[in-house]
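Protein chains in written order, with the numbering used here: chain A, 374 to 1187; chain V, 48 to 171.
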Ligand code: SRM
Ligand SMILES: Cc1cc2nc3c(=O)[nH]c(=O)nc-3n(C[C@H](O)[C@H](O)[C@H](O)COP(=O)(O)OP(=O)(O)OC[C@H]3O[C@@H](n4cnc5c(N)ncnc54)[C@H](O)[C@@H]3O)c2cc1C
Ligand code: SF4
Ligand code: FES
């Protein structure tokens, strides 16, 4: 096409909104315009959002560039960086830059963004006082962090907190001065704001809330700030992050209609039809902007208009925010608090875990959400808000999150198949479902990481990760296949691997990986523990468990806690304890200054907060009193809970306690695909809760009901009846046989409840209850394997025993 | 004699390699810890006998990486399963974070650490 007939488009502002508009325009009308871009900053355009990650040392400047200079060249765009436009001549239709470039236009796009709001206070000009807006600011902060040690951040909003955290990560000690009483008060309610402050305080930030800055102190360079109440806070660096102002200087001088921002209509045109504006410099329907999601919409509409589509109209989408501080999860969208009686607040609070969740419902629709601590469901809530879906039955389960709501029937989840192609998936990078689907198709992407790298969806705040994965699974149809394959090292399913181990007599992990063509020589953290278990189960007495393939708990026979200490829970057979045993526990707790003793939910006593190095000595003392490992950490037999039964209870029909102890003595020490818990109740009142256990026994006048496949955990499941028997000996045989069947056939990490659901209770009945010979064979195999399994791991490791190296440092230096 | 400990002096003194033990002391596909006045260091050994050392704190919530499962050049944190690259200290996508890498050297089966790197703390 002849270049001369192209119209000239000049873009002022080489930032996120301006360049997104150009990208959209190139997609629609690649040759309609000859494009010239002017940018005040000396860089090609970059993802401003990720400056927080650059400051925190998680990304480098080169990682956040969106379009490299080559991109401009390839698309025939003339790029002038580091050369701000200083005037628009609307009559002559030209713009003029600082360096004196005069560029004529047919259409002009203003995308000048916003300026940081700086308080007019004494000392504002001192070196060391910076804003948080561009690469130059981040470079100044990093420089200050190298030479200085203390920083003050003014402003406890999204930006201020990300700045404070980044500087903390750079090793500075950081104080945040915030005018309001709670942090991020525009995005969070007071409760979430307080939780946030607590968490950040624990991470070493200091807060001065209700603090008004009055002066920047210092002579040649900033040395601190003084607050209105007279307090002075010393600092080598002061970052101001109190807000932004639309950058309207050029538009104002050119005589365009302005208010707080450059006024635009639904078509993104200013009061001059040849001049459009997008981004943080605009005002639409009285609203100005500070997040990227609405900018992507503006860019789309503006590009459509420039390309000649007269119908495109902009409307502000619902907005959400998420704080980008690694390990701190905060999300908010829509309204924060009830305005009147028609608004209903639903609140869930778990102070201990620092989890808080507030939902705002109006007219049967979700209109606001504040999540703190656990934001896994933020995408789901946000979709419910965006789609304005009537909640109906979902309402009463809503607060418990998606998994719970879904498990209760009425699927409330977002159906990716039903999502329209232009539905926005990644708000931070403006990536639609259509863009993801087409990238997967044209580039043959198969993993989340690839999709993220190619589309940028999920690369900023990460909130949309789940939806991106769901789309990937939907498009490639891998969801079903993926759950079949054991892990990313192999395409073989769990069942196929188990078969091969038996049929081809594979007896080491290396042999399995070699024979079945694993893609990685030493497997991964997912397949190694599974293989370890399958081999242990297939070759009892022959295969020696690989320590490096066990999760820490099973490797060292104690349960790791959140602070890296361990818990120790000895077996109390059937929940019975002697005075001597209790005394031994008490003595150990005192002798080793163990921080906490707790009665567990499994009818035993737990010792909490032990250092790894203390374990062998503690075990030795417990062993001396006859106490052995309770395997509270193992994919193996955990507890056999009992009730007092006929020994004491006026309703008890049989000796449930005694039977429980016998069962525990028979089954302890066995390794299983997942943990296994039993309970024996002395009558149908079922005080031992046998009907939510992996195997339960309920004693009656007529005998024993054996029930299986129950679960009291994440997804509660009531057991299915297996069989009714009349003697204790039969109980023991049936229970061991069921356990062996489960050991041999369930998939690693599949508890009995999902296993029974998968194979069906009829199958289990037919193998165990109806087939006497089969049952006896299972029982015999179980007993054989127990001869190798029933050694107390604590006794083996008590002072100076097995794996001694585990419990002491390699070296102590300094 | 007991004198008060000065971490900066200590770091300066640590400029050279510090001997910590032998290769055989470290289990394959496992790790051992080294106590220093500036915290624990985890020394890992891969299936192919490569050695790596990291500050023993997961960038997520400080979990002890030494207790994680090692596969290839990665370790999975025992607390919430973040996967950390032993050679760079960086968390694998989609998680983000980094722990400090400590230089490690093995000569004739003798293992030493370059503990001066402890001064450059990547984790806040
Ligand atoms: C200590 C204890 C809580 C307490 O303070 O009482 C406990 C503590 C833990 N439970 Fe539990 N559970 C304890 C009884 C229970 C019970 C009640 C029971 O057994 O009657 C249940 C529901 C019953 C059930 O399992 O069906 C229970 C359901 C879970 C679940 C959910 C399992 C599921 O299939 O949905 C998990 C998660 C898992 O295993 O993956 C879990 C996981 C855990 C872990 C192991 C989490 C972890 O990996 O660190 C906790 C270990 C803490 C520690 O170091 O000891 N715990 N846990 C109880 C130990 C009993 C014991 O003496 O061994
Ligand atoms: C540290 C940080 C973190 C953020 N995090 C998030 C987040 O997590 N989520 C979110 O939604 N938003 C976030 N934001 C906000 C988001 O970055 C902005 O909404 C977005 O960048 C605005 O785009 P824009 O194109 O309007 O402005 P900009 O990206 O600022 O682009 C404007 C460009 O125009 C240039 N310019 C100005 N005047 C002229 C002139 N006269 N001549 C030539 N060029 C000129 C400027 O130099 C600038 O490069 C964050 C912002 C910052 C600073
Ligand atoms: S896993 Fe069990 S012990 Fe741990 S917090 Fe949850 S309910 Fe409590
Ligand atoms: S502390 Fe390591 S994953 Fe959470």
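By construction, the Cβ of each residue, glycine as well, lies at the ideal position given by its N, Cα and C atoms.
Alpha carbon of residue i to alpha carbon of residue j, nearest angstrom
| i | j | result |
| --- | --- | --- |
| residue 1169 of chain A | residue 927 of chain A | 14 Å |
| residue 1105 of chain A | residue 917 of chain A | 28 Å |
| residue 899 of chain A | residue 126 of chain V | 15 Å |
| residue 661 of chain A | residue 383 of chain A | 23 Å |
| residue 853 of chain A | residue 889 of chain A | With a pLDDT of 34 at residue 853 of chain A, under the threshold of 50, the modelled position of this residue cannot be trusted, and the question is left open. |
| residue 163 of chain V | residue 93 of chain V | 24 Å |
| residue 1041 of chain A | residue 579 of chain A | 51 Å |
| residue 886 of chain A | residue 652 of chain A | 54 Å |
| residue 786 of chain A | residue 770 of chain A | Bear in mind that the predicted position of residue 786 of chain A carries a pLDDT of just 47, short of 50, making it too unreliable to give a figure here. |
| residue 1025 of chain A | residue 1075 of chain A | 13 Å |
| residue 531 of chain A | residue 484 of chain A | 23 Å |
| residue 1110 of chain A | residue 1012 of chain A | 18 Å |
| residue 858 of chain A | residue 667 of chain A | 40 Å |
| residue 392 of chain A | residue 450 of chain A | 11 Å |
| residue 956 of chain A | residue 930 of chain A | 23 Å |
| residue 933 of chain A | residue 925 of chain A | 7 Å |
| residue 165 of chain V | residue 1083 of chain A | 50 Å |
| residue 693 of chain A | residue 755 of chain A | 8 Å |
| residue 145 of chain V | residue 103 of chain V | 12 Å |
| residue 148 of chain V | residue 585 of chain A | 41 Å |
| residue 1172 of chain A | residue 725 of chain A | 36 Å |
| residue 81 of chain V | residue 160 of chain V | 10 Å |
Residue i Cβ short of 6 Å to ligand 4 heavy atom set
| i | result |
| --- | --- |
| residue 124 of chain V | yes |
Residue i, enclosing beta strand (DSSP E) - first and last residue
| i | result |
| --- | --- |
| residue 1158 of chain A | Here residue 1158 of chain A belongs to no beta strand (DSSP E); instead the alpha helix (DSSP H) covers 1145-1162. |
| residue 1094 of chain A | 1093-1098 |
| residue 1070 of chain A | 1068-1073 |
| residue 101 of chain V | 98-102 |
| residue 87 of chain V | 86-92 |
| residue 132 of chain V | 130-132 |
| residue 121 of chain V | 121-123 |
Residue i - partner residues in DSSP beta bridges
| i | result |
| --- | --- |
| residue 819 of chain A | For residue 819 of chain A, which the question treats as bridged, DSSP gives no partner whatsoever. |
| residue 1014 of chain A | A/1052 |
| residue 933 of chain A | A/939 |
| residue 524 of chain A | A/547, A/610 |
| residue 619 of chain A | A/487 |
| residue 599 of chain A | A/588, A/605 |
| residue 468 of chain A | A/461, A/476 |
| residue 514 of chain A | Paired residues: none, contrary to the question. |
| residue 145 of chain V | V/137 |
Delimiting residues of the alpha helix (DSSP H) encompassing residue i
| i | result |
| --- | --- |
| residue 671 of chain A | 666-679 |
| residue 1166 of chain A | 1166-1170 |
| residue 755 of chain A | 751-760 |
| residue 1108 of chain A | 1101-1118 |
| residue 433 of chain A | Taken as a continuous stretch (DSSP letters only), residue 433 of chain A belongs to no alpha helix (DSSP H), as it is neither H nor E. |
| residue 1029 of chain A | 1029-1040 |
| residue 963 of chain A | 952-964 |
Residue i beta carbon near ligand 2 (any heavy atom closer than 6 Å)
| i | result |
| --- | --- |
| residue 691 of chain A | no |
| residue 646 of chain A | no |
| residue 454 of chain A | no |
| residue 99 of chain V | no |
Presumed contact (8 Å Cβ cut-off) between residue i and residue j, rounded CB distance
| i | j | result |
| --- | --- | --- |
| residue 1186 of chain A | residue 67 of chain V | 7 Å |
| residue 1065 of chain A | residue 1096 of chain A | Going by Cβ atoms, the distance from residue 1065 of chain A to residue 1096 of chain A rounds to 19 Å, so no, they are not a contact pair. |
| residue 594 of chain A | residue 746 of chain A | Contact flag wrong, Cβ pair sits at about 40 Å. |
| residue 1008 of chain A | residue 1045 of chain A | 6 Å |
| residue 494 of chain A | residue 581 of chain A | Between residue 581 of chain A and residue 494 of chain A the Cβ distance is about 16 Å, and since that is not below 8 Å, they are no contact. |
| residue 1053 of chain A | residue 1125 of chain A | That belief does not hold up - the Cβ atoms of residue 1053 of chain A and residue 1125 of chain A are roughly 16 Å apart, past 8 Å. |
| residue 442 of chain A | residue 406 of chain A | Not a contact, Cβ separation roughly 19 Å. |
| residue 509 of chain A | residue 526 of chain A | 18 Å between Cβ atoms; not a contact. |
Heavy atom of ligand 6 within 6 Å of residue i beta-carbon
| i | result |
| --- | --- |
| residue 110 of chain V | Among the ligands present in this structure, namely ligand 1, ligand 2, ligand 3 and ligand 4, ligand 6 is not found. |
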